[in-house]
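So the sequence shown is residues 800 to 879, counted in our numbering.
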Amino acid sequence: MKRKNRLDELCVGECGKIYGLTCDGSMRRRFLDIGFAPGTAVVCLGRSPLGDPSLYLVRGCKIAIRNRDAHGIEIREKGD
Numbered sequence: 800m801k802r803k804n805r806l807d808e809l810c811v812g813e814c815g816k817i818y819g820l821t822c823d824g825s826m827r828r829r830f831l832d833i834g835f836a837p838g839t840a841v842v843c844l845g846r847s848p849l850g851d852p853s854l855y856l857v858r859g860c861k862i863a864i865r866n867r868d869a870h871g872i873e874i875r876e877k878g879d
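Below, the structure written as structure tokens:
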């Protein structure tokens, strides 16, 4: 299986661990505020009918994020 590097690359049902954030400023702060911090587990729960945004489970909360924003979150697949 291809190793995933960005949150937007996770397929529905896959889980990973947040490795880092490459976005800056207010977007970085917002992600940290809602729990997207390094070391946090994340699961892709689904995609909208047109594929964007995607739904993720983070720290017990379901959060929809646009793919272009999710691209700024580096992850490692569970087991890496």
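For glycine and all other residues, C-beta sits at the position ideal for the given N, C-alpha and C.
Straight-line measurement puts the Cα of N804 at about 5 angstroms from the Cα of I874. Beta-bridge pairing by DSSP links E813 to no other residue. L820 and G859 do not touch by the CB rule: their CB atoms are close to 20 angstroms apart, not below 8 angstroms. In terms of Cα proximity to K816, the closest of M826, C843 and D832 is C843. Annotation for S853: the continuous beta strand (DSSP E) segment containing it runs S853 to V857.
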